[in-house]
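These protein sequence lines map, in sequence, to chains A and B.
When you read off a place in the first sequence, starting at 1, and then add 15, the result is the number in the numbering used here.
When you read off a place in the second sequence, starting at 1, and then add 15, the result is the number in the numbering used here.
For glycine and all other residues, C-beta sits at the position ideal for the given N, C-alpha and C.
Number of protein chains: 2
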Amino acid sequence: VVRHESLDDDAAAIARAFRRAADDADLVIASGGLGPTLDDVTREALAEAMGVPLEEDAGARQHLEAWAAARGRKLGPSNYRQVQFPRGAETLDNPVGTAPGIAAAIGRARVFCIPGVPGEMRQMLADQVLPRLAGARSGQAALVRTVRTFGMPESVLGEKIADLMAAGRRPRVATAVRSGIIDVHVHASGPREEVMRLLEADAAEIRRRLGPVVFGEGDEEMEAAVARLLERRPVTLAVAESCTGGLVAAKLVSVPGMSAWLLEAVVAYSNESKVRRLGVPETLIARHGAVSEPVARAMAEGARGTSGADIAIALTGIAGPAGGTPEKPVGTVWFALAHAGGAEAAQYVFLGDRQHVRERAANFALDMLRRHLVRAATGRSP
Amino acid sequence: VVRHESLDDDAAAIARAFRRAADDADLVIASGGLGPTLDDVTREALAEAMGVPLEEDAGARQHLEAWAAARGRKLGPSNYRQVQFPRGAETLDNPVGTAPGIAAAIGRARVFCIPGVPGEMRQMLADQVLPRLAGARSGQAALVRTVRTFGMPESVLGEKIADLMAAGRRPRVATAVRSGIIDVHVHASGPREEVMRLLEADAAEIRRRLGPVVFGEGDEEMEAAVARLLERRPVTLAVAESCTGGLVAAKLVSVPGMSAWLLEAVVAYSNESKVRRLGVPETLIARHGAVSEPVARAMAEGARGTSGADIAIALTGIAGPAGGTPEKPVGTVWFALAHAGGAEAAQYVFLGDRQHVRERAANFALDMLRRHLVRAATGRSP
């Protein structure tokens with residue numbers, strides 16, 4: 016990628032950007048500006064950059080009208096803006112929305128326009144754009160391989176792979192952090208076979224050095240790593256959450272097929288709900304507070320008992336901004352995991368705002384579950 | 016904003032980008048590349064662009080060592096890269112991480128460097144950068160006002176405000192879509208007082224024309240709109256979810272103070288859990304299927320009954336990729352809301368992949384709740 020630009024909804028400026036991009040690159044991908052409203056001007060800009068007029072595409076018009084009829088929707092004049100295309104351009108079907116994409120050429124550069132709505136953008140890129148690129152510059156590739164980790168500070172991790180991260184080395188190795196997850200990216204370009212060999216060797220070396228904090232590769236989320244372990248060795252799960260308010264369950268359920276393992280989740284947000292739904296003794300909450308090791312353990316054991324699941328994870332914490340005390344500052348979260356052989360608990364104090372605390376706490380809970388599943392499968396502590 | 020660039024971790028390329036940006040803009044904000052690892056080269060790039068050497072900052076070193084000591088963390092050599100700054104630059108405290116920010120100048124342009132970790136970036140921008148910009152170009156402003164809507168197709172919405180969206184009009188009005196939410200952005204720049212007047216008039220006109228589909232302004236999420244209604248007229252809530260797997264609850268809990276209203280949420284992912292936790296009759300599931308109006312209603316009524324909440328919302332659907340049938344395709348979701356006066360139900364078929372279906376379904380459920388609360392408060396149907 017030689018350039019990434021974010022542009023205003025200004026047709027003349029976008030046309031200039033198209034021409035500049037076509038001068039500097041073999042491939043130009045534009046997302047957004049294909050909708051029905053008047054600020055959607057990518058069609059006009061592309062036509063201007065190509066030096067051709069816009070024309071209605073009869074096939075796209077038919078497709079749009081059939082789509083609307085099937086859903087009982089009425090089309091207004093603005094919808095018909097979406098079936099105008101630069102002369103000579105190819106239309107790309109959009110299976111998940113009303114805006115077709117466009118494939119065209121400016122000089123020697125290939126140009127693809129796809130919608131900006133994130134769900135549509137992703138699907139159009141995968142279904143329409145990438146397949147058309149297969150075979151381009153055949154034999155050459157610029158690839159990235161990503162090793163995902165959780166639970167090791169970035170500075171410690173960086174020192175373990177400092178030699179791989181040295182400036183000028185090939186492949187290039189770099190780290191990126193989000194919600195407590197540290198990704199190690201390995202980049203290289205050149206002949207495809209050689210690049211794949213280089214990336215494979217680096218990824219294996221990174222996994223070896225970082226060991227148990229590695230939970231996956233690519234864009235695999237922690238919950239997918241959990242699902243992979245569950246597929247190999249099925250057990251049933253229950254979740255009891257407080258400050259994360261359903262986030263742990265939502266992450267698990269984002270994996271297709273989770274219904275085979277996850278029996279239920281309870282967001283026991285009030286103390287009353289912790290008592291009534293999960294059987295946490297009131298005296299425990301009174302004595303230790305809702306954010307405490309005994310209450311986290313009782314929540315996990317309660318969730319396991321009432322659901323009949325093999326394993327239950329529970330967490331209770333103070334996401335903020337209010338509710339912190341000197342002994343239990345905002346960001347304090349207690350975690351527990353109950354299984355047939357007993358229960359374990361852990362505590363962590365997360366920095367950052369409410370959303371950051373919740374997001375990291377949810378990942379911490381999933382990682383606790385992941386490590387338990389690895390341990391159960393291998394007998395070794397990850 | 017005259018340019019937004021995404022750059023590689025290449026110090027020379029970043030230094031060139033700093034100089035180009037300083038030529039074209041009065042203000043340059045760079046995020047990322049301030050971490051402890053060797054691919055973090057923003058410090059080096061900025062020093063090169065400024066034409067000065069890097070020097071250790073004694074105050075930042077002390078701050079880092081105190082931070083590590085308080086948390087019982089050991090510092091390695093790579094941590095000390097984070098206390099190197101271009102000579103003459105100002106360091107900006109980072110309250111949520113180890114990487115301080117940098118304030119500097121290249122020629123006449125002011126330059127701020129802040130971390131790339133999203134939570135740190137947001138907090139540093141708000142706490143360190145924006146306050147330093149107050150008063151710059153005093154009296155002038157480039158402002159955006161955003162009216163947020165849910166539930167009206169973009170083409171219909173666009174036609175209702177087509178005259179406001181006409182090319183060349185001031186303020187500029189544009190729409191953007193995500194997860195079923197359509198934002199109408201109103202932009203203008205010029206003398207601050209005038210701009211604020213223009214945006215206020217347009218926002219009021221847009222709210223008037225779009226009416227009940229408007230749920231908020233700015234970056235307010237649907238759940239914050241719900242919380243605003245609950246503050247004015249408190250009722251207690253319960254949630255019963257299936258395919259969204261905790262997402263509705265997680266969105267609600269993302270609002271500070273939600274514990275005053277939300278009693279609990281149940282992710283009744285298995286049929287067994289729907290029966291046992293929510294009291295949905297097994298015969299109902301057998302006769303109509305888990306994704307059906309009667310089951311959605313029974314889930315809402317069950318959640319309301321067992322939690323003791325005033326209002327319960329429930330949803331049950333097929334998020335995909337598997338599980339669809341010709342009568343109930345992937346994306347089919349049934350929603351129900353139970354209250355003291357009875358229950359209501361709605362069905363929608365969402366397009367897109369699993370995450371898209373879940374995200375839009377969660378927003379649909381929150382919007383159903385929002386509309387109910389508006390109706391209860393005003394006696395009018397929004």
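Asp-39 of chain A versus Val-263 of chain A - alpha carbon distance: The alpha-carbon atoms of Asp-39 of chain A and Val-263 of chain A are separated by roughly 45 Å.
Proximity winner among B:Pro-92, B:Ala-104, B:Arg-86, relative to Gly-112 of chain B (alpha-carbon distances): Selected option, being the one with the closest Cα: B:Arg-86.
Proximity below 8 Å, CB of Ala-311 of chain B to CB of Thr-331 of chain B: The answer is yes: Cβ separation under 8 Å.
Under 8 Å between C-beta atoms of Glu-246 of chain A and Ser-285 of chain B: With contacts defined by Cβ atoms closer than 8 Å, Glu-246 of chain A and Ser-285 of chain B do not form a contacting pair.
C-alpha distance - Gly-116 of chain B paired with Leu-172 of chain A, whole-angstrom precision: Using only the alpha carbons, I get a separation of about 22 Å.
DSSP-derived helix/strand/coil call for Glu-297 of chain A: Glu-297 of chain A: helix per DSSP, three-state reduction.
Chain A contact for Val-171 of chain B (CB, 8 Å cutoff): Yes, because at least one Cβ of chain A sits closer than 8 Å to the Cβ of Val-171 of chain B.
Cβ of Arg-160 of chain A within 8 Å of any chain B Cβ: No, its Cβ sits nowhere closer than 8 Å to a Cβ of chain B.
Cβ-based burial, Gln-155 of chain A [other Cβ within 10 Å; buried from 16]: Exposure of Gln-155 of chain A is indicated by the presence of fewer than 16 other C-beta atoms within 10 angstroms of its C-beta.
Where Tyr-284 of chain B falls: helix, strand or coil (DSSP): Secondary structure at Tyr-284 of chain B: coil, using DSSP grouped into helix, strand and coil.
Chain A contacts from the segment 284-318 of chain B (Cβ-Cβ distance under 8 Å): Flagged, chain order: Tyr-284, Ser-285, Glu-287, Ser-288, Arg-292.
Three-state secondary structure (DSSP) of Leu-267 of chain A: In the three-state scheme derived from DSSP, where H, G and I count as helix and E and B as strand, Leu-267 of chain A is classed as helix.
Min CB distance Ala-85 of chain A to chain B below 8 Å: Chain B contact via Cβ: absent.
Beta-carbon proximity of Leu-267 of chain B to Glu-220 of chain B, cut-off 8 Å: No. Outside cutoff.
Delimiting residues of the beta strand (DSSP E) encompassing Gly-116 of chain B: Unbroken beta strand (DSSP E) run through Gly-116 of chain B: 116-121.
CB contact flag (Gly-47 of chain B, Pro-168 of chain B, <8 Å): No; because the gap between Cβ atoms is not below 8 Å, this pair is not in contact.
CB of Glu-8 of chain B within 8 Å of CB of Ala-351 of chain B, strictly: Given a span of 16 to 397 for chain B in the structure shown, any question on residue 8 of chain B remains unanswerable.
CA-to-CA distance, Thr-57 of chain B to Ile-29 of chain B, given in whole angstroms: Distance between the alpha carbons of Ile-29 of chain B and Thr-57 of chain B: 7 Å.
Contact set for Gly-134 of chain A: own chain, Cβ-Cβ below 7 Å, skip 5 residues either direction: Within the same chain, Gly-134 of chain A has close Cβ partners Val-111.
Strand pairing of Glu-71 of chain B, partner residues [DSSP]: Beta-bridge partners assigned by DSSP to Glu-71 of chain B: B:Gln-99.
Neighbour flag for Thr-190 of chain A against chain B, beta carbons, 8 Å: Proximity of Thr-190 of chain A to chain B, defined by a Cβ-Cβ separation below 8 Å, is satisfied.
Gly-205 of chain A, enclosing alpha helix (DSSP H) - first and last residue: Run containing Gly-205 of chain A: none in the alpha helix (DSSP H); it sits in the beta strand (DSSP E), 196-206.
Beta strand (DSSP E) segment containing Thr-106 of chain A, residue limits: For Thr-106 of chain A, the uninterrupted beta strand (DSSP E) segment begins and ends at 105-107.
Residues of its chain near Asn-109 of chain A, where Cβ-Cβ distance is below 7 Å and the 5 sequence neighbours each way are ignored: Taken in chain order, the residues that qualify are Pro-115, Gly-116, Pro-130, Glu-135, Met-139.
Inter-stretch contact at 8 Å, needing at least 3 Cβ pairs: the segment 59-69 of chain B / the segment 90-104 of chain B: These segments touch.
Backbone secondary structure at Ser-46 of chain A - three-state DSSP: Strand.
Beta-carbon proximity of Gln-370 of chain B to Ser-194 of chain A, cut-off 8 Å: No, these two residues do not count as a Cβ contact at 8 Å.
Boundaries of the beta strand (DSSP E) in which Thr-113 of chain A is found, first to last residue: Here Thr-113 of chain A belongs to no beta strand (DSSP E), and DSSP marks it neither H nor E.
Coil, strand or helix - Thr-340 of chain A by DSSP: DSSP places Thr-340 of chain A in coil when its eight states are reduced to three.
In chain order, each alpha helix (DSSP H) run of at least 4 residues that lies wholly inside the segment 306-366 of chain A: You should have 308-322.
Beta-carbon neighbours of Ala-181 of chain B, restricted to chain A and to distances below 8 Å: Those within 8 Å of Ala-181 of chain B in chain A are Leu-53.
Selection from A:Ala-62, A:Val-345, A:Ala-283, A:Ala-265 that minimises the alpha carbon distance to Ala-253 of chain B: Put simply, of A:Ala-62, A:Val-345, A:Ala-283, A:Ala-265 the residue whose alpha carbon is nearest the alpha carbon of Ala-253 of chain B is A:Ala-283.
Spatially closest choice to Arg-96 of chain A from B:Pro-146, B:Glu-174, B:Arg-34, B:Gly-339, by CA coordinates: Closest by C-alpha distance to Arg-96 of chain A, out of B:Pro-146, B:Glu-174, B:Arg-34, B:Gly-339, is B:Glu-174.
Distance, Ala-64 of chain A Cα to Cys-128 of chain B Cα: Each residue's alpha carbon lies about 36 Å from the other.
Lys-89 of chain A, buried or exposed, once every other Cβ within 10 Å from all chains shown has been counted against 16: In this structure Lys-89 of chain A is exposed. Its beta-carbon is surrounded by fewer than 16 other beta-carbon atoms within 10 angstroms.
Partners in chain A for Gln-370 of chain B, counting only beta-carbon separations shorter than 8 Å: Neighbours of Gln-370 of chain B on chain A, chain order: Gly-134, Ser-269.
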